[in-house]
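Taking UniProt numbering as reference, the numbering of the sequence shown is continuous, increasing by one, and the terminal residue is 99. Glycine is no exception: its CB is placed at the ideal position from the N, C-alpha and C atoms.
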Amino acid sequence: GELALAFGELLRKLWAPGRTPIAPRPFKAKLARFAPQFSGHNQHDSQELLAFLLDGLHEDLNRVKHKPYIKSRDADGRPDEEVADEYWANHIARNDSII
Numbered sequence: 001g002e003l004a005l006a007f008g009e010l011l012r013k014l015w016a017p018g019r020t021p022i023a024p025r026p027f028k029a030k031l032a033r034f035a036p037q038f039s040g041h042n043q044h045d046s047q048e049l050l051a052f053l054l055d056g057l058h059e060d061l062n063r064v065k066h067k068p069y070i071k072s073r074d075a076d077g078r079p080d081e082e083v084a085d086e087y088w089a090n091h092i093a094r095n096d097s098i099i
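So this is what it looks like as structure tokens:
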């Protein structure tokens, strides 16, 4: 939950009424702790940052704590809708976050 808390604090500061500009140093430090590739002051790919942030927030906020192992079956000519329903059920069994 550390990344989610740091991101939430950053958003609170950004949206606080009457606030002056802020420096996101605490959030950047927390981000760099979990993803060292974002430490320092080098320029980074925004897509990589966004992908890492969304995945990190999802994992922090995922309500499924013990992810079951689910063996995927082959489609073997089954209808697409049946296969899609099965894969969606498998996804939901392992992922339950607001992200």
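How long is the line joining the alpha carbons of Pro17 and Leu10, rounded to whole angstroms?
Cα to Cα, the separation comes out at about 14 Å.
Going by C-alpha to C-alpha distance, which of Lys71, Thr20, Tyr87 and Phe34 sits closest to Ala4?
The shortest Cα separation from Ala4 among Lys71, Thr20, Tyr87 and Phe34 belongs to Phe34.
Restricting to runs no shorter than 4 residues, where is the alpha helix (DSSP H) found entirely within the UniProt domain "USP" (1-99)?
Runs of the alpha helix (DSSP H) inside the UniProt domain "USP" (1-99): 2-15, 25-34, 46-61 and 80-94.
Which whole-angstrom value is the C-beta distance of Leu49 and Ile99, which I expect to be below 8 Å?
The Cβ separation is near 15 Å, so there is no contact.
Would the segment 85-99 and the segment 60-70 be scored as touching if the rule is three or more Cβ pairs under 8 Å?
Because the criterion of three Cβ pairs below 8 Å is met, the segment 85-99 and the segment 60-70 touch.
Which value, in whole angstroms, describes the spacing of the CA atoms of Tyr69 and Ile22?
Whole-angstrom Cα-Cα distance: 43 Å.
In whole angstroms, give me the CA-to-CA distance for Asp80 and Lys13.
Asp80 and Lys13: Cα-Cα distance of roughly 47 Å.
Note down, in chain order, each residue of its chain lying with its Cβ closer than 8 Å to the Cβ of Asn90, except the 5 sequence neighbours on either side.
Cβ neighbours of Asn90 beyond the five flanking positions: Ile70 and Ser72.
Using a beta-carbon distance below 9 Å, is Pro68 in contact with chain D?
Looking at the structure shown, chain D is missing, and only one protein chain is on hand.
For Leu54, count neighbouring Cβ atoms within 10 angstroms of its own Cβ and tell me buried if that reaches 16, exposed if not.
Counting Cβ neighbours within 10 Å, Leu54 comes out exposed, since fewer than 16 surround it.
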